[in-house]
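Peer 1: Residue numbers (our numbering), protein chains in the order written: chain U, 1 to 340; chain F, 341 to 680.
All C-beta atoms, glycine included, are put in the ideal place defined by N, C-alpha and C.
I have a structure I would like to understand better, so I am pasting it below and will then ask my questions one at a time.
Number of protein chains: 2
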Amino acid sequence: METVTRVAVDAMGGDNAPGEIVKGALDAVNSRKDVHVFLVGKKDAVAAELDKAQYPKEQIEIVDAPEVIEMAEHPVNAIRTKKQSSMVVGMNLVKNGDVDAFISAGNSGAILVGGQTIVGRMHGIKRAPLAPIVPTDKGIALILDCGANVDARPEHLVEFAQMGSIYMEYVIGVKNPRVAIVNIGEEEEKGNELVKETFPLLRDCPGINFTGSIEAREIPHGGADVIVCEAFVGNVILKLYEGVGVTMMDTVKDALMTSLRSKIGALFAMPALRKSFKPYLEALHTGAPLLGLNGLVVKTHGSSKAIEIKNAIGQCVTFREENINGIIKERITGAQQEEA
Amino acid sequence: METVTRVAVDAMGGDNAPGEIVKGALDAVNSRKDVHVFLVGKKDAVAAELDKAQYPKEQIEIVDAPEVIEMAEHPVNAIRTKKQSSMVVGMNLVKNGDVDAFISAGNSGAILVGGQTIVGRMHGIKRAPLAPIVPTDKGIALILDCGANVDARPEHLVEFAQMGSIYMEYVIGVKNPRVAIVNIGEEEEKGNELVKETFPLLRDCPGINFTGSIEAREIPHGGADVIVCEAFVGNVILKLYEGVGVTMMDTVKDALMTSLRSKIGALFAMPALRKSFKPYLEALHTGAPLLGLNGLVVKTHGSSKAIEIKNAIGQCVTFREENINGIIKERITGAQQEEA
Numbered sequence: 001m002e003t004v005t006r007v008a009v010d011a012m013g014g015d016n017a018p019g020e021i022v023k024g025a026l027d028a029v030n031s032r033k034d035v036h037v038f039l040v041g042k043k044d045a046v047a048a049e050l051d052k053a054q055y056p057k058e059q060i061e062i063v064d065a066p067e068v069i070e071m072a073e074h075p076v077n078a079i080r081t082k083k084q085s086s087m088v089v090g091m092n093l094v095k096n097g098d099v100d101a102f103i104s105a106g107n108s109g110a111i112l113v114g115g116q117t118i119v120g121r122m123h124g125i126k127r128a129p130l131a132p133i134v135p136t137d138k139g140i141a142l143i144l145d146c147g148a149n150v151d152a153r154p155e156h157l158v159e160f161a162q163m164g165s166i167y168m169e170y171v172i173g174v175k176n177p178r179v180a181i182v183n184i185g186e187e188e189e190k191g192n193e194l195v196k197e198t199f200p201l202l203r204d205c206p207g208i209n210f211t212g213s214i215e216a217r218e219i220p221h222g223g224a225d226v227i228v229c230e231a232f233v234g235n236v237i238l239k240l241y242e243g244v245g246v247t248m249m250d251t252v253k254d255a256l257m258t259s260l261r262s263k264i265g266a267l268f269a270m271p272a273l274r275k276s277f278k279p280y281l282e283a284l285h286t287g288a289p290l291l292g293l294n295g296l297v298v299k300t301h302g303s304s305k306a307i308e309i310k311n312a313i314g315q316c317v318t319f320r321e322e323n324i325n326g327i328i329k330e331r332i333t334g335a336q337q338e339e340a
Numbered sequence: 341m342e343t344v345t346r347v348a349v350d351a352m353g354g355d356n357a358p359g360e361i362v363k364g365a366l367d368a369v370n371s372r373k374d375v376h377v378f379l380v381g382k383k384d385a386v387a388a389e390l391d392k393a394q395y396p397k398e399q400i401e402i403v404d405a406p407e408v409i410e411m412a413e414h415p416v417n418a419i420r421t422k423k424q425s426s427m428v429v430g431m432n433l434v435k436n437g438d439v440d441a442f443i444s445a446g447n448s449g450a451i452l453v454g455g456q457t458i459v460g461r462m463h464g465i466k467r468a469p470l471a472p473i474v475p476t477d478k479g480i481a482l483i484l485d486c487g488a489n490v491d492a493r494p495e496h497l498v499e500f501a502q503m504g505s506i507y508m509e510y511v512i513g514v515k516n517p518r519v520a521i522v523n524i525g526e527e528e529e530k531g532n533e534l535v536k537e538t539f540p541l542l543r544d545c546p547g548i549n550f551t552g553s554i555e556a557r558e559i560p561h562g563g564a565d566v567i568v569c570e571a572f573v574g575n576v577i578l579k580l581y582e583g584v585g586v587t588m589m590d591t592v593k594d595a596l597m598t599s600l601r602s603k604i605g606a607l608f609a610m611p612a613l614r615k616s617f618k619p620y621l622e623a624l625h626t627g628a629p630l631l632g633l634n635g636l637v638v639k640t641h642g643s644s645k646a647i648e649i650k651n652a653i654g655q656c657v658t659f660r661e662e663n664i665n666g667i668i669k670e671r672i673t674g675a676q677q678e679e680a
């Protein structure tokens, strides 16, 4: 295996493109030798950002893509019509094997559509779930699927559990990760039809550490490491996590500004509060892989700054070095082919 | 209409029964004349609590119920076999018209099952949703359904929107409440099959102020007043709200204890922080009505204390005085009968 991971980065995606995106790529190549970054976007705009910086020239190159898919565009139409967009050009680099991974902070829907239609699913994988990380009071948890496929079937959720376990163990480093299915009670007989049908399949699935149902209340308390659900529910969990978290932090900040007394308190308490909120925000801003593709696509938060892009590039290196797609192939699609 | 609302209260339900439950009933009758409370439970245990207190004797009576449905019992079995439980006896009081409403902090599943099977749905109502309140940074929002019926159909969600609007307007006092459907994007074409089918029905439904889709992230920011979804998703929203909120509050408390400096800050800031968290916790501890029944059943949080019970009794008075079931009958089931 080569010692360099080739990562394409969507230089035009997200609220802070291209400045912060390019800066993230620069920070990555300035801190590690094992990565080669392809900045995909409008050549002049990207070059203007690079010109300001010091960096090892042999580790970064620009791939011109004159079109941009905007945040509010219709995903399917955008992917179909904007062939010269940074998103489509970057995904084609993955498809053609020119790079190992593609990172974008752009239009979420377009990332999901492009991942499935341009990069494509691995042979034998039925669905490619989006697997973001959420913070818990014990660390982090992986939730999948969070947006790629609505109306999933039980066999898809089993694949999610398998792929999520592999990612959590080999990329995040959680040994023998506990897998749970989101449910509205802890007993096996509870839940909707999808959960009832999926539960015994997960219980009988070899190679995963299935611990049963998890109620949404227990997710922030670290009740499981890999949390499986269909995409609609996953999306609700992810968005509400962020919504409630931000609201609570704003409530704290507002409370500290209400009186002279509280303002004095804030002077003393703020450093500790900021420090304690930091892991929470960082987890929500960690790149989310789209698993089960012919390559790797990572979606980062629309408001990504340089640090998120740099970290996502690191995730791509680990993903390739740990041979995640090789393990998925061996354990999931290989096993299925033997059965067939 | 009579000027007294008759409310049965499950004296044995919840983590703090019977002490806090009886105290809540006492606080209610000591503060208002327009309510008559029936404390349903083990006669001796309830009498022992009453004996300690001063209260207008004509406003409280005990209804003996020697059995108790425990928090962890199987709901359907419990309702079927424990005919002398406080839950079943209390619900039968509603069914027989002996009281206007029943309040319980006990086994959630049993409240839902008992509400539907003992009290029963109003003629013409297809599903009876559980409608709890969640806090937002602009006030509160009503979410329904949060647990009563999994695998709902589009016409059920339309009923939820109608009943939720009536409750929000006449019990909570929000004029022309904004109704939204939980979705994974704001555009009409997004979502799973249920949302896609329900969206046009809500848009064309007269008498509600439908504003479109709401992403979970916008719920804590007060994006809508009445939030419609199927029960599995609603349950996830409610539980995660509580889970993330509690985790964040714990994070703040822990942060304030990390150093001498932060402890000094806490001394000054804590009163303001407590005050700002209070509405958040209060909203999550407000009683949730099961709407569309022949009478009213209110579920309060399992950890309810006297204040929650007292407030829930107040909700029952408003519910009856505002003739909510009369309005539901006139606007929803009446209209349907004319169509048929």
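Is Ser-602 (chain F) close to chain U, meaning its C-beta is less than 8 angstroms from at least one C-beta of that chain?
Peer 2: Translated into positions along the second sequence, residue 602 (chain F) becomes position 262. So, interface residue.
Peer 1: Please work out which residues of its chain come closer than 6 angstroms, Cβ to Cβ, to Ala-306 (chain U), disregarding the five sequence neighbours upstream and downstream, and give them in chain order.
Peer 2: In the first sequence, residue 306 (chain U) corresponds to position 306, counting from 1. Counting only Cβ-Cβ distances below 6 angstroms, and skipping sequence neighbours, we find Glu-20, Lys-23, Gly-24, Asp-27.
Peer 1: Does any CB atom of chain F fall closer than 8 angstroms to the CB of Ser-276 (chain U)?
Peer 2: The residue you call residue 276 (chain U) lines up with position 276 of the first sequence. Closer than 8 angstroms: yes.
Peer 1: Within 8 angstroms of any Cβ in chain U, is that where the Cβ of Asn-447 (chain F) sits?
Peer 2: Locating residue 447 (chain F) in the second sequence gives position 107, where the first residue counts as 1. Cβ-Cβ to chain U under 8 angstroms: no for Asn-447 (chain F).
Peer 1: Closest to Ile-672 (chain F) by CA distance: which of F:Gln-655, F:Leu-633, F:Thr-591 is it?
Peer 2: Counting from 1 along the second sequence, the entry for residue 672 (chain F) is found at position 332. The candidate whose alpha carbon is nearest that of Ile-672 (chain F) is F:Leu-633.
Peer 1: Ignore the nearest five residues each way along the sequence and tell me which others in Val-113 (chain U)'s own chain have a CB closer than 6 angstroms to its CB.
Peer 2: In the first sequence, residue 113 (chain U) corresponds to position 113, counting from 1. Hits under 6 angstroms: Pro-75, Val-76, Ile-79.
Peer 1: Work out the CA separation of Ala-357 (chain F) and Pro-132 (chain U) for me, nearest whole Å.
Peer 2: In the first sequence, residue 132 (chain U) corresponds to position 132, counting from 1. In the second sequence, residue 357 (chain F) corresponds to position 17, counting from 1. Those two C-alpha atoms are separated by around 41 angstroms.
Peer 1: Mind reading off the beta-carbon distance from Ile-313 (chain U) to Val-35 (chain U)? Whole number of angstroms is fine, and I expect it under 8 angstroms.
Peer 2: Counting from 1 along the first sequence, the entry for residue 313 (chain U) is found at position 313. Counting from 1 along the first sequence, the entry for residue 35 (chain U) is found at position 35. The beta-carbon distance between Ile-313 (chain U) and Val-35 (chain U), rounded to whole angstroms, is 6 angstroms. This is short enough to meet the 8 angstroms contact definition.
Peer 1: Closest Cβ-Cβ distance between Asn-575 (chain F) and chain U: below 8 angstroms?
Peer 2: On the second sequence, position 235 is the one that residue 575 (chain F) refers to. So yes, Asn-575 (chain F) belongs to the interface.
Peer 1: Please name the residue, chosen from F:Gly-574, F:Glu-499, F:Val-514, that lies closest to Asp-485 (chain F) on a Cα-to-Cα basis.
Peer 2: In the second sequence, counting from the first residue as 1, residue 485 (chain F) sits at position 145. Nearest of F:Gly-574, F:Glu-499, F:Val-514 to Asp-485 (chain F), Cα basis: F:Gly-574.
Peer 1: Check the Cβ of Pro-289 (chain U) against every Cβ in chain F and list those closer than 7 angstroms, keeping chain order.
Peer 2: As a first step, residue 289 (chain U) must be located in the first sequence, where it is residue number 289. Simply none; closest approach about 19 angstroms.
Peer 1: Within 8 angstroms of any Cβ in chain F, is that where the Cβ of Ser-182 (chain U) sits?
Peer 2: Translated into positions along the first sequence, residue 182 (chain U) becomes position 182. Reading off the sequence, residue 182 (chain U) comes out as Val, not Ser. The C-beta of Val-182 (chain U) comes closer than 8 angstroms to at least one C-beta of chain F.
Peer 1: Extract the residue ranges of the alpha helix (DSSP H) inside the stretch 608-664 of chain F, only unbroken runs of 4 or more that lie entirely within it.
Peer 2: 646-661
Peer 1: Please confirm whether Val-302 (chain F) has its beta-carbon closer than 8 angstroms to some beta-carbon of chain U.
Peer 2: The structure shown does not extend to residue 302 (chain F), since chain F is modelled only from 341 through 680, so no value can be given for it.
Peer 1: Exposed or buried, Asn-323 (chain U), counting other C-beta atoms within 10 Å across all chains shown (16 or more means buried)?
Peer 2: Working through the first sequence from its first residue, we reach residue 323 (chain U) at position 323. Exposed is the call here.
Peer 1: Name the residues in the stretch 71-105 of chain U whose C-beta lies less than 7 angstroms from a C-beta of chain F; which are they?
Peer 2: none
Peer 1: Let's test the definition: count the other Cβ atoms within 10 Å of the Cβ of Leu-470 (chain F) and tell me whether it reaches 16, buried, or not, exposed.
Peer 2: Residue numbering aside, residue 470 (chain F) sits at position 130 when the second sequence is read from its first letter. Leu-470 (chain F) comes out buried.
Peer 1: Does chain U have any CB closer than 8 angstroms to the CB of Asn-663 (chain F)?
Peer 2: Indexing the second sequence from 1 puts residue 663 (chain F) at position 323. Not an interface residue.
Peer 1: At a Cβ threshold of 8 angstroms, is His-641 (chain F) touching chain U?
Peer 2: Here residue 641 (chain F) is taken as the residue at index 301 of the second sequence, counted from 1. With 8 angstroms as the cut-off, His-641 (chain F) does not count as an interface residue toward chain U.
Peer 1: How many whole angstroms separate the CB atoms of Gly-531 (chain F) and Gly-265 (chain U), which I take to be in contact at a CB cut-off of 8 angstroms?
Peer 2: Stepping through the second sequence from its first residue, residue 531 (chain F) is reached at position 191. Stepping through the first sequence from its first residue, residue 265 (chain U) is reached at position 265. That pair is no contact at about 44 angstroms.
Peer 1: Just the C-alpha distance for Pro-56 (chain U) and Leu-497 (chain F), rounded to the nearest angstrom, thanks.
Peer 2: Sequence index remark: in the first sequence, residue 56 (chain U) carries index 56 (1-based). Sequence index remark: in the second sequence, residue 497 (chain F) carries index 157 (1-based). If you take the alpha carbons of Pro-56 (chain U) and Leu-497 (chain F), they lie about 58 angstroms apart.
Peer 1: Using the beta-carbon of each residue, which ones in chain U are nearer than 7 angstroms to Glu-558 (chain F)?
Peer 2: Translated into positions along the second sequence, residue 558 (chain F) becomes position 218. Residues of chain U passing the Cβ test: Gly-243.
Peer 1: Taking buried to mean at least 16 other C-beta atoms within 10 Å of its own C-beta, is Pro-200 (chain U) buried or exposed?
Peer 2: The residue you call residue 200 (chain U) lines up with position 200 of the first sequence. Within a 10 Å sphere around the beta-carbon of Pro-200 (chain U) sit fewer than 16 other beta-carbons, which makes this residue exposed.
Peer 1: Nearest by alpha-carbon distance to Val-171 (chain U): which of U:Ile-60, U:Phe-38, U:Phe-319, U:Asp-44 is it?
Peer 2: For the purposes of this step, residue 171 (chain U) is taken as the residue at position 171 of the first sequence. Ranked by how close their Cα comes to the Cα of Val-171 (chain U), the residues U:Ile-60, U:Phe-38, U:Phe-319, U:Asp-44 have U:Phe-319 in first place.
Peer 1: Check for me: the alpha helix (DSSP H) holding Gly-432 (chain F) runs from which residue to which?
Peer 2: Taking the first residue of the second sequence as position 1, residue 432 (chain F) is located at position 92. Per the sequence shown, the amino acid found at residue 432 (chain F) is Asn instead of Gly. Asn-432 (chain F) -> alpha helix (DSSP H) spans 426-435.
Peer 1: How long is the line joining the alpha carbons of Glu-169 (chain U) and Val-226 (chain U), rounded to whole angstroms?
Peer 2: As a position in the first sequence, residue 169 (chain U) is number 169, starting the count at 1. As a position in the first sequence, residue 226 (chain U) is number 226, starting the count at 1. Approximately 10 angstroms, taken between the alpha carbons.
Peer 1: Closest Cβ-Cβ distance between Asn-356 (chain F) and chain U: below 8 angstroms?
Peer 2: Locating residue 356 (chain F) in the second sequence gives position 16, counting from the first residue. Interface annotation, Asn-356 (chain F): not in contact with chain U, CB-CB separation never under 8 angstroms.
Peer 1: Please confirm whether Met-588 (chain F) has its beta-carbon closer than 8 angstroms to some beta-carbon of chain U.
Peer 2: The residue you call residue 588 (chain F) lines up with position 248 of the second sequence. Met-588 (chain F) counts as touching chain U.
Peer 1: Measure from the alpha carbon of Gln-399 (chain F) to the alpha carbon of each residue in F:Glu-413, F:Val-408, F:Leu-379, F:Ala-405, then state which is nearest.
Peer 2: Along the second sequence, one-based indexing puts residue 399 (chain F) at 59. Of the listed residues, the one whose Cα sits closest to Gln-399 (chain F) is F:Leu-379.
Peer 1: Along the beta strand (DSSP E) that carries Val-576 (chain F), what are the first and last residues, could you check?
Peer 2: Numbered from its first residue, the second sequence carries residue 576 (chain F) at position 236. Where Val-576 (chain F) is concerned, there is no enclosing beta strand (DSSP E), although the alpha helix (DSSP H) it sits in stretches over 571-596.
Peer 1: So, does the CB of Ser-599 (chain F) fall closer than 8 angstroms to a CB anywhere in chain U?
Peer 2: Looking up residue 599 (chain F) in the second sequence gives position 259. Taking Cβ atoms only, chain U reaches closer than 8 angstroms to Ser-599 (chain F), which makes this a yes.
Peer 1: Using a Cβ-Cβ distance cut-off of 8 angstroms, determine whether Leu-636 (chain F) contacts chain U.
Peer 2: For the purposes of this step, residue 636 (chain F) is taken as residue 296 along the second sequence, with counting starting at 1. Answer no: the Cβ-Cβ gap between Leu-636 (chain F) and chain U never drops below 8 angstroms.
Peer 1: So His-285 (chain U) contacts chain F; which residues on that side make the cut at Cβ distance below 9 angstroms?
Peer 2: As a position in the first sequence, residue 285 (chain U) is number 285, starting the count at 1. Residues of chain F passing the Cβ test: none, with the nearest at roughly 14 angstroms.
Peer 1: Within its chain, find whatever has a CB closer than 7 angstroms to the CB of Arg-203 (chain U); leave out the 5 residues flanking it on each side and keep chain order.
Peer 2: Walking along the first sequence from the start, residue 203 (chain U) turns up at place 203. Cβ neighbours of Arg-203 (chain U) beyond the five flanking positions: Phe-210.
Peer 1: So what's Gly-381 (chain F) in DSSP terms, helix, strand or just coil?
Peer 2: As a first step, residue 381 (chain F) is located in the second sequence; it is residue number 41 there, counting from the start. Gly-381 (chain F): strand per DSSP, three-state reduction.
Peer 1: Check the Cβ-Cβ distances between Leu-240 (chain U) and every residue of chain F, and say whether any is below 8 angstroms.
Peer 2: Start at 1 with the first residue of the first sequence, and residue 240 (chain U) comes out as number 240. Yes, Leu-240 (chain U) counts as interfacial toward chain F.
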